[in-house]
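Take the sequence shown: its letters are residues 255 to 507, numbered as in our numbering. Written out below as structure tokens is the structure these notes cover.
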Amino acid sequence: QRAEVEAELAREPGGQARLEALRREDARVLEQYPPRPMVAAITQRAEAERERARRRRLWSLGVPALAVAAAAILLLVVRPFSSYVAPPGGGAGGGGAGGGVTGVDPGVRLKGGPLLLVYRKGDGDRSTRLSSGATARAGDRLQIVYVAGWARYGVVFSVDGNGSLTRHLPRSAGSAAALAPGGKPHRLPSSFELDDAPRFERVFFIASKTPFDPEPLVAAARKLASPESKLGAPDGIVIKQLLLRKANAGGAR
Numbered sequence: 255q256r257a258e259v260e261a262e263l264a265r266e267p268g269g270q271a272r273l274e275a276l277r278r279e280d281a282r283v284l285e286q287y288p289p290r291p292m293v294a295a296i297t298q299r300a301e302a303e304r305e306r307a308r309r310r311r312l313w314s315l316g317v318p319a320l321a322v323a324a325a326a327i328l329l330l331v332v333r334p335f336s337s338y339v340a341p342p343g344g345g346a347g348g349g350g351a352g353g354g355v356t357g358v359d360p361g362v363r364l365k366g367g368p369l370l371l372v373y374r375k376g377d378g379d380r381s382t383r384l385s386s387g388a389t390a391r392a393g394d395r396l397q398i399v400y401v402a403g404w405a406r407y408g409v410v411f412s413v414d415g416n417g418s419l420t421r422h423l424p425r426s427a428g429s430a431a432a433l434a435p436g437g438k439p440h441r442l443p444s445s446f447e448l449d450d451a452p453r454f455e456r457v458f459f460i461a462s463k464t465p466f467d468p469e470p471l472v473a474a475a476r477k478l479a480s481p482e483s484k485l486g487a488p489d490g491i492v493i494k495q496l497l498l499r500k501a502n503a504g505g506a507r
């Protein structure tokens, strides 16, 4: 996973510079708030507050507010930056047939460039994130989630083993769509069901800071010779690709 992330950073404009900036900021915070002394000070403060609460016979009120604040500060010091991305949950989106995802953390944000996530809907409201190269089957219901990062415009589409194209964002040909801004995961309004097209399904997320014409790249994606072929990114455009290998589709395995 580290090698994959480093490769993506190398391809993204300014990706390595952003990583180094995060490392410097991380080091600055840890130098300003050394974990061991901070943990000791916070623990001591929390213990003192609990003792005062005991003397006032206010145990029924639960943990004092200071201890709660100390726990929040401790989390900030120990892990000042987080790259964890939780998929947005909930039921069906507009016009879609579900794709709910559990484990929502609405406060989670991701620093850096665009990111493509694909989830397979399971029993109830549970879903599983699929990595590139994962096996999928006809009838699987998939939910696409993207993180725009610094990008402002983009398209999302998928191409199956027969070369058939499905547009997910926007739903029609033309200009790139305006993306939901920032580093929070954004769930597309509709999930979709895999058909029995053979061999594979590939999902593409193409994004840029400025408006662009996606159609030449869409046409090129439909003509890629093999599932492993990569779509080249022009200057200023980032392309995220996720490959799903089809099992028991079209009679092939």
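Ideal Cβ positions, reconstructed from N, Cα and C, are used throughout, including at glycine. Values in this document were obtained by computation on a predicted structure and should not be read as measured data.
Considering only Leu370, Gly415, Lys484, Arg395, the residue with the shortest C-alpha distance to Glu447 is Arg395. Taking C-beta atoms as the reference points, Ala430 and Pro465 count as a pair closer than 8 Å.
Inside the segment 460-496, DSSP marks whole alpha helix (DSSP H) runs of 4 or more residues at positions 469-476, from first to last along the chain. Taking the Cα of Leu423 as reference, the smallest distance to any Cα among Gly366, Arg380, Val409 is reached at Val409. Gly366 is bridged by DSSP to nothing; it lacks a bridge partner. The residue among Thr420, Gly417, Ala405, Arg282 with its C-alpha nearest the C-alpha of Pro267 is Ala405. Take the alpha-carbon of Glu258 and the one of Ala302: they are about 47 Å apart.
Boundaries of the alpha helix (DSSP H) around Gln270: 269-286. By the 16-neighbour rule on beta-carbons within 10 angstroms, Ala300 is buried.
In this structure, Ile491 lies away from Leu485, with their beta-carbon atoms at least 8 Å apart. Cβ neighbours of Glu482 within its own chain (closer than 8 Å, five residues either side excluded): Leu497.
By the C-beta density criterion, Val283 is exposed, having fewer than 16 other C-beta atoms within 10 angstroms. Using a Cβ distance threshold of 8 Å, Arg499 and Phe454 count as a contacting pair. By the criterion of a C-beta distance shorter than 7 Å, Leu478 is surrounded in its chain by Leu485, once the five residues flanking it on both sides are discounted.
His440 has Tyr400 as its beta-bridge partners, per DSSP. Excluding the 5 residues flanking it on each side, Arg421 has same chain C-beta neighbours closer than 6 Å at Phe411, in chain order.
A check of alpha carbon separations from Pro368 across Arg374, Gly378, Tyr400 identifies Tyr400 as the nearest. Beta-bridge annotation (DSSP): Asp377 is not paired with any residue. Residue state for Ala432 is assigned as strand, using DSSP reduced to three classes. At least 8 Å separates the beta-carbon of Arg441 from that of Gln495. Note that the C-beta distance between Ala392 and Arg374 is not below 8 Å. Under the three-state reduction of DSSP output, Leu371 falls in the strand class. In this structure, the CA atom of Arg278 is about 29 Å from the CA atom of Ala487. Per DSSP, the beta-bridge partners of Arg499 are Thr389, Phe454.
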